[in-house]
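*Asks:* The structure is given below, and queries will be raised subsequently.
Residue numbers (my numbering), protein chains in the order written: chain W, 749 to 1067; chain L, 749 to 1067; chain G, 749 to 1067; chain H, 749 to 1067; chain C, 749 to 1067; chain F, 749 to 1067.
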């Protein structure tokens, strides 16, 4: 980091993602994201959380600690922010108690990003934010391949909680609304108990793949990554990363922890393994700062966002 | 505590409020609360929280630490659980993302308690739970005197967040729906910044009273209590206690903390000062266990519930 | 989870293990556990702790978070609570400062469980609770194979602390009282420093096996599991799981942490690897909630209990 | 708060003090603060801390939680941000290991603020930041009255730590450099142990006043405030507020806590009592976020900043 | 603090109480404490704790933070360590599971201190350590006046927990064994619920005094202190300070917290108010470091110890 | 542990490293360390920290928890404290704001240790303490092989922060001052983002080796250890261990955490793998107790120190 860059950051006293320029949020939608390759967009909501809430404050926490991240990814050999023009797009704002308004606002803002030719990197909020992102991407790119890293399948319906739009449901809608290409939804890191084998019926019947945590670990992340790249090939791809895919030891700051998940290293390697894909968008969800300790979940979340950007940059370089 | 009582509690491994018997929640509404004087009822929701959520888990936390409380209130000289037949009424259950369903379910369950001739002591959840409780009480007792202990007026409308039912709104509805008797709403412990003086217009125009924290402290809790008792006299009275009335040092486990509140001692004395009133119901809201440290907010919350029961018992004894 | 099951749990406001029915603790011993296959029994004591105490409150913490666990074990393909009739047996109650009374009460209650033909799943408390459980099991099943997962050998005598019954001693008694079959005590996860090589003399002279953590990891849990199953074969087997076998990163909530232990995943896999054995009882000890962060030790503990139940269910299915 | 104001804040995803506009930090010094009445300026340093460091991160923490503060001070009846044009001036940037550079940079930036006719409200950082602020103020306003709220006298010399510029020394320099007017330094909240009575010699010999915590409490904050206003009268006045003046229960997030300090209420009342003075600048120092719990110190710090602004606004109104 | 004193402390890397010299613990009892006026003695036990344990580690925590305390008590004008020759006497060592051995060892060591003409300042450990201290003092000084600062009466018998020696019982034994002079036991800070009015029968029948927290606060600590000094007059006096007398906000690090206690300031003032008495010994008990936050309970505990020493020094000066 | 050893430790109430004898710090330098093989030396400073400070208090925290470590290393079969005469050398003391004085004092004290024929095991403090240790070792042993375990290269210059002596710079000086033998600096565990590839130029141009975390894990610690032993052979070797080499899940208590590091097990195995080398000194730096949870970083740090001693003992045995 040059002294100039460091001092500029310190001088402002603000905390944009990765010390990036903030877009002019007051500009017309058509101009707002012009020239950007990737826009980081916060969605401060946890209105769809079934157990411990708190993810609404994640965008601020992730911005704050992301200031420690620099531009060069040493093991990939890519200068991320030199390769991609990245911007902090601010947050989506919406009436916080109206989840339909949230979905509409997110879809609209992501649409504006896509309209500018940029890719959205969405920072939740709970996982319910993934649905409107996928809808907006589907409208532009057609059905997507989705790499869904999570402890849970997120294909729940309204059976238990009388609601079809909470944070356990986005992949159900992604399947039933045709947002994912047939058989191109990959659930990675699944574990924990289910109500019954029927929990997996919807996604398995759609031809999708479940990689339980044991399989991820048993085969090793690199081989899993190779398989994903081969299966997905050139399809437009979305990465949806629920931080509870990671073991609670490495990511305590989340609301529905499940013992026995990915280590931080495996999580980062998994994202890195997507480097050859055509990533058209991504999200990181479910970081709950109030449950964190010493910012370890936030630091890991920022590292995942950086790996995602590096994977996008590699796609750009290799394209 | 007798060894028998202690061992019985330990043996069950459960944590009912104050080690009380649990009602038969499967019994018909008419029979469920029969014979009870007071029913403690949990409402596990924080769907109406504007800042840090987490109050949904308060009923379990308060039950757990309430096991340390015994029956005899030494300074009042009243044996609370010998004077009043108290029961743990369990929680109200409802689809967690449907706040209208919450209001309906709470109103229904409190109605059942009142139908059995008992008084509800409701344990939130966020402060949005107070509205349906007040509605149910109004239906039985007519317009109420309400002692509203809080850092905030809770008379917000939909202006800011586009929603009229969040945890900053119950007293608005209480006024506009005629749940409180004219001029009989007492806001105690108010502090912090407002948008404008208009924040108080609705309640002041209705003839209600605002006791800012400085006035509470300046006059002293006993004199304030005497004034409240005089003003309220024999009216049916509801105590609505938002734990953020208390200073964050004494009650860190809450979602919208405001510096400079009541001490724990003042909070307890305030409830004790209501001892001569005709308390027909009460609530304690906004305890957020994940933000607590060493259970100090939970222990204080349980002490407030016990003081409320003691005040009710005194009302019974003196009646 | 059906809405009915979820709401029933929420409605009661209590926290039985895994939302299971509580036995009638007031019923005569002969009837108390009738019809159960497995009884979860809390033993709230830490009177035998040598360093940081606090495990006395573990039964409540583990009950509370176990509510998130559902019935179907996806990777094993077993519906645990459909296969086994499980019950929350409450806690054992005893004068808390009388450790001999604890041992007697635990042995008695486990005896009652065994008398009903059920298997005990004991939730400590510190590890001193394992001895009376083993005694009761020995009386019914004869000498046992014991899989002892721990950072420590727990074969201490009175040399250091002038006491033969603290939480570092149960395996000494298990050997000297003949509770374990010759050579059938398997210490898994051992690490840290010792006073001298003599620390292992008693158990090695008895023909038992020490699997240091490096060996567990070097060979891999599945192969270790296979070896254990082969060595133990059809013997009645007891699993004694001290949560400090797990690395402090994954299980900070324990009183004698030792750096460098099992990961959460390895811990769960280790229990799963016992699936083919004839498990006649098990314990999970040394969870200290006050030292935990964000309940991660508690959630992991509940997952270990669920894996233990799944292993028992597999034994039932395969029997 | 209007929805527009709320959404604008949420939309940007940044955290300027009190949701205020950020000055153009790249503008020439002469233009940077033009039109402002008060500029909030962060100084992220703790290089002068003698015990637990961490105050370097306070400016970000205080900005973040200050978003909850609104404009109207209800008990004073003043609309703070309508009365005063306030700006977030960003932070001062300097080589972090060069404390002389810090002093120079802070004096320069405060000079620029004063040059624009604005008053600086400085947010430390440790208390060593007060010295350059006082120097810059002295250059413009001449010798000042200083209300120094602190547990410590901060008149140490190099005797103990071989350094004359650490956070325990600013008031020594303020006296010896003639930054304070004769006898116009008021130490408020002093307590704890000293090396010897000589600790107070320098400041007492200069005719200054020490208000030990017992005197503050014994006389009551309002009367103490009246005395300060009378003694200071129309002099240009500086408020230097070390958060460790407050009791560790109310402000745990600080590096040299001393038991038995001001309550949050007293701290706020103390600042309010300065309302009639001619406040030409102020600071709040020694908030250490990593030692805080549930942001209670940060929330209190933001409230103190707001009270300071309200006192400045009152001065403006009454002038 | 002189640089020499500071560096000497830093150089050793150890943490004796108040940076005092450690006695030669290996010296014969007769020589061990020779020349000391006061000996600080740790008793690392919590084997008598009824709820959350952890006080066994208090002596190390209190030693560690006491390093920040200096010698001169500014408001009393006494140089404590110049007036009294104070020593760190180390801890009492005993088999940790044998509470009778603890009592014997503590009584013996305190006897040795008294034999050297010094006063013991005992640092628990839970409150069960007070009994052997009182016994040893009684043997030398005859029946004592005891100022017992606590939330609880500590006059329990074996009724509830089947044990007569736990941390809720020392004052029962003090009364029944004649360790206190008739009517000279003063319980200060009592609050919380009781099983029945009978909880107070033993101590009231013995003519002792209960100062409920409300009375302490209502009358003010100085007047209460004056009354105590008048009632006790020249009697040999013991101060037994259970840290749970203090409000959990100010002292969260304790095992049986009771809401609504003394503030830190009141606690310190209360000890200071004993300055005129003939203090022949004192204890501070029930600090539980694992439940503390940011060491605030430990810092307060060290301040209480320092006030106790200052009160002893004043007694010496005035004698 | 014998009862005598345990009680002796408890009796003193102090916390020397591993319960070792403390040297006579007042003895002349020539005599101070006579007879010791290894001296543990604390350096309480964090004046060179770029992000979260706090490592100044590490020597006390590591001493405290090291009391749990015993003498026999079971998997290596070496009785560490019987093989090596180890001493707690106390801390180095210096004016805390003068980093040049720190370097001089540390170099001097380490020189005294070396002069006595002992090896220094230095406990930071931040990583800036490594430079003077290396200088002192170089003066005695000539250029060294250095195994540098860290997330960062620590070869920064003054470019960013305008200072050449902070905790990110020691390896730059080690290279440029010729403290390391050509090509004999091994950076192990490197990860995270860099400013540019130039970050590695200095060390790579000097022929040194960078083992990124992925390579460490991919090849496995044992094979990496074998390679290091082969490359280093009989050279005098220094181990410099920055605790942030370890994953934040396993070592949250550090100031510049980087996601994705070594597990505790790998960290311990890495040190163990150096067993065959000629270790002439070592350090452990960057433990920040205030950021720790439940002492897990401190316990791990103590275990690393013990492994280092065991590796030194093995060198002694095999020599």
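Where is the CB? At the ideal position from N, CA and C, for every residue including glycine.
Give me the residue from 818(G), 876(G) and 820(G) with the minimum Cα distance to residue 707(G).
*Replies:* Residue 707(G) is absent from the model: chain G starts at 749 and stops at 1067.
*Asks:* List, in order along the chain, the chain B residues whose C-beta lies closer than 8 Å to that of residue 799(H)?
*Replies:* Among the protein chains in the structure shown, which are W, L, G, H, C and F, there is no chain B.
*Asks:* If we require 3 or more residues per run, which beta strand (DSSP E) segments fall completely within the segment 960-1045 of chain G?
*Replies:* Listed in chain order, they are 984-990 and 1026-1033.
*Asks:* Only counting runs of 4 or more residues, tell me where the alpha helix (DSSP H) segments fall wholly within the segment 818-893 of chain G, in order along the chain.
*Replies:* Within the segment 818-893 of chain G, the complete alpha helix (DSSP H) runs of at least 4 residues are 828-831, 847-863 and 878-889.
*Asks:* On a CA-only basis, which of 939(G), 1022(G) and 898(G) is nearest residue 980(G)? Give me that one, please.
*Replies:* The option with the nearest alpha carbon to residue 980(G) is 1022(G).
*Asks:* Give a yes or no on whether the C-beta atoms belonging to residue 755(C) and residue 1057(C) are separated by under 9 Å.
*Replies:* Against a cut-off of 9 Å, the Cβ pair of residue 1057(C) and residue 755(C) comes out as no contact.
*Asks:* List, in chain order, every chain L residue whose beta-carbon is nearer than 8 Å to that of residue 802(W).
*Replies:* Going along chain L in sequence order, the residues near residue 802(W) (Cβ under 8 Å) are 800, 801, 802 and 1038.
*Asks:* Flag residue 932(W) as yes if its beta-carbon sits less than 9 Å from any beta-carbon of chain H, otherwise no.
*Replies:* Not one chain H Cβ lies under 9 Å of residue 932(W).
*Asks:* Closer than 7 Å by C-beta to residue 1011(H): which residues in its own chain qualify, once you throw out the five before and the five after it? Chain order, please.
*Replies:* Cβ within range, chain order: 995 and 998.
*Asks:* Kindly indicate which three-state DSSP category residue 945(C) falls into: helix, strand or coil?
*Replies:* Helix, per DSSP.
*Asks:* When burial is assigned at 16 or more other CB atoms within 10 Å of the CB, is residue 924(G) buried or exposed?
*Replies:* The residue is exposed, with fewer than 16 neighbouring Cβ atoms inside 10 Å.
*Asks:* From what residue to what residue does the beta strand (DSSP E) around residue 771(F) run?
*Replies:* No beta strand (DSSP E) contains residue 771(F), which DSSP labels as neither H nor E.
*Asks:* Could you give the C-beta distance for residue 1003(L) and residue 1036(L), rounded to a whole number, given that I count them as a contact under 8 Å?
*Replies:* With a Cβ gap of about 5 Å, residue 1003(L) and residue 1036(L) count as contacting.
*Asks:* Where DSSP assigns a beta bridge to residue 957(C), which residues make up the other side?
*Replies:* Answer is 934(C).
*Asks:* Count the C-beta pairs between the segment 775-785 of chain G and the segment 856-867 of chain G that are closer than 8 Å, then say yes if the count reaches three, no if not.
*Replies:* Contact holds: three or more Cβ-Cβ distances are below 8 Å.
*Asks:* Please decide whether residue 755(L) counts as near chain G, where near means a Cβ-Cβ distance under 9 Å.
*Replies:* Taking Cβ atoms only, chain G reaches closer than 9 Å to residue 755(L), which makes this a yes.
*Asks:* Going along chain F in order, which residues have a C-beta closer than 7 Å to the C-beta of residue 909(H)?
*Replies:* Within 7 Å Cβ-Cβ: 843, 844 and 845.
*Asks:* Residue range of the alpha helix (DSSP H) that residue 791(C) falls in?
*Replies:* Run containing residue 791(C): none; DSSP gives neither H nor E here.
*Asks:* Quick one: what's got a C-beta closer than 7 Å to residue 802(C)'s C-beta in the same chain, skipping five residues either side?
*Replies:* Taken in chain order, the residues that qualify are 794, 1003, 1036, 1037, 1038 and 1039.
*Asks:* Within the 9 Å Cβ cut-off, does residue 1008(G) reach chain F?
*Replies:* By this cut-off, residue 1008(G) is an interface position.
*Asks:* Using only the alpha-carbon positions, how far apart do residue 761(L) and residue 975(W) sit?
*Replies:* Their backbone Cα atoms lie some 49 Å apart in a straight line.
*Asks:* Pick from 1025(C), 952(C) and 961(C): whose alpha carbon is nearest that of residue 982(C)?
*Replies:* Out of 1025(C), 952(C) and 961(C), 1025(C) has the C-alpha closest to the C-alpha of residue 982(C).
*Asks:* Report the partner residues of residue 896(L) according to the DSSP bridge assignment.
*Replies:* Its beta-bridge partners are 935(L) and 988(L).
*Asks:* Residue 954(F) and residue 928(F): beta carbons closer than 9 Å?
*Replies:* Closer than 9 Å, so yes.
*Asks:* How would you write the range of the alpha helix (DSSP H) that residue 808(G) sits in, first residue to last?
*Replies:* Per DSSP, residue 808(G) belongs to the alpha helix (DSSP H) from 806-814.
*Asks:* What does the Cβ neighbour count give for residue 776(G), buried or exposed, with the cut at 16 atoms within 10 Å?
*Replies:* By the 10 Å Cβ count, residue 776(G) comes out exposed.
*Asks:* The alpha helix (DSSP H) with residue 782(G) in it runs from where to where?
*Replies:* Here residue 782(G) belongs to no alpha helix (DSSP H), and DSSP marks it neither H nor E.
*Asks:* Under three-state DSSP, which class holds residue 763(H)?
*Replies:* Correct three-state label for residue 763(H): coil.
*Asks:* May I ask you to verify whether the segment 834-844 of chain C touches the segment 762-776 of chain C, counting CB pairs closer than 8 Å and requiring at least 3?
*Replies:* Short answer: they touch.
*Asks:* Under 8 Å by Cβ, that's how I've got residue 885(W) and residue 892(W) pegged, so tell me the actual separation to the nearest angstrom.
*Replies:* Right, the Cβ-Cβ distance comes to about 6 Å (below 8 Å), so this counts as a contact.
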